[in-house]
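Below: the structure, in structure tokens.
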Amino acid sequence: MASSDPHATSILQRCLQWEAIMLVGISDLISELPLETDCMENSGEVSLVLDAANYAAQKHATQRRKDAAQTPYVNHVLGVAQILAHEARVTDAFVLAAALLHDTVEDTDTTLADIAARFGHKVAEIVRQVSDDKSLPKETRKRLQIEHAPFCDRDAKLVKLADKIYNLRDLDRDTPIGWSQERVAEGVSPEMDAILDAIYRDHNLIN
1 MASSDPHATS
11 ILQRCLQWEA
21 IMLVGISDLI
31 SELPLETDCM
41 ENSGEVSLVL
51 DAANYAAQKH
61 ATQRRKDAAQ
71 TPYVNHVLGV
81 AQILAHEARV
91 TDAFVLAAAL
101 LHDTVEDTDT
111 TLADIAARFG
121 HKVAEIVRQV
131 SDDKSLPKET
141 RKRLQIEHAP
151 FCDRDAKLVK
161 LADKIYNLRD
171 LDRDTPIGWS
181 QERVAEGVSP
191 EMDAILDAIY
201 RDHNLIN
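Note that the UniProt record's numbering gives residue 207 to position 207 of the sequence shown, counting from 1, and the numbers run on in steps of one.
Quick look at the structure:
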């Protein structure tokens, strides 16, 4: 999405920089995993992922993203799983299933008990760690995300990073209807910029 507004362009550039460092974060997490084959081990794992995709499609069937095209919401969860599978080379069926289901508890009538009963407790635990309590005010939810992030397990961090990357790419592709540049800039504060620059230096991405 091109913009002639220098302020808007700067915000989007920083969003893209955040996307890059999140990809580095995924790479760091993946490097800690044991080596795996490039495919799932059995048909049961494939079935789990496909069942999760179908379940997510049913639960998000009437929901739309906030872009101008009103993109079906299920595109988002499919995209998050694709980032993990194609870009991060994640082959863990539980992680991919959780990626597909990561918004069901937060944004539909699904409960964690529903997820556990159908997909198992491991998938339900990942979904629990990446789900916000929508009954809380937005600022409280954002604060709790930051407070809880260091204590999430590796699988939950992978899903959360892929989710953020997808959303940042969406901001670059098509700003949601009704979003001002100030709204877009909420996640690009001076404090966040300072953290980003420090991470870039640590990874030798800037001088």
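All C-beta atoms, glycine included, are put in the ideal place defined by N, C-alpha and C.
Everything numeric in this text was worked out from a predicted model, so none of it was measured.
I'd like to check one pair, residue j with residue i: are the Cβ atoms closer than 9 Å?
i: Ala-88; j: Gln-129; result: no
i: Ile-126; j: Val-159; result: yes
i: His-86; j: Val-74; result: no
i: Ala-99; j: Asp-163; result: yes
Of all Cβ atoms in chain B, is any one closer than 9 Å to the Cβ of residue i?
i: Lys-66; result: Considering every chain present, this structure includes no chain B. It has just one protein chain.
When you compare only the Cα positions, how much space is there between residue i and residue j?
i: Asp-133; j: Arg-141; result: 7 Å
i: Lys-138; j: Gln-145; result: 11 Å
i: Leu-84; j: Tyr-166; result: 11 Å
i: Ala-113; j: Ala-57; result: 19 Å
i: Thr-37; j: Ser-135; result: Low confidence applies here, because Thr-37 scores a pLDDT of 45, under 50, leaving its location unreliable and the question unanswered by this model.
i: Leu-161; j: Ser-131; result: 13 Å
i: Ala-53; j: Phe-119; result: 12 Å
i: Arg-169; j: Leu-101; result: 20 Å
i: Val-46; j: Ala-81; result: 13 Å
i: Asp-92; j: Asp-67; result: 31 Å
i: Gln-63; j: Ala-124; result: 22 Å
i: Thr-71; j: His-121; result: 31 Å
i: Gly-44; j: Ala-117; result: 16 Å
i: Arg-143; j: Leu-48; result: 33 Å
i: Ala-97; j: Ile-115; result: 10 Å
i: Glu-106; j: Val-90; result: 24 Å
i: Glu-147; j: Ala-69; result: 34 Å
i: Tyr-55; j: Leu-171; result: 26 Å
i: Arg-65; j: Asn-42; result: 34 Å
i: Phe-94; j: Gly-79; result: 16 Å
For residue i, is the classification buried or exposed, using 16 other Cβ atoms within 10 angstroms of its Cβ as the cut-off for buried?
i: Leu-50; result: exposed
i: Ala-149; result: exposed
i: Thr-111; result: exposed
i: Phe-151; result: exposed
i: Asp-109; result: exposed
i: Asp-103; result: buried
Residues bridged to residue i by DSSP?
i: Pro-150; result: Answer is none; Pro-150 lacks a bridge partner.
i: Pro-72; result: Arg-64
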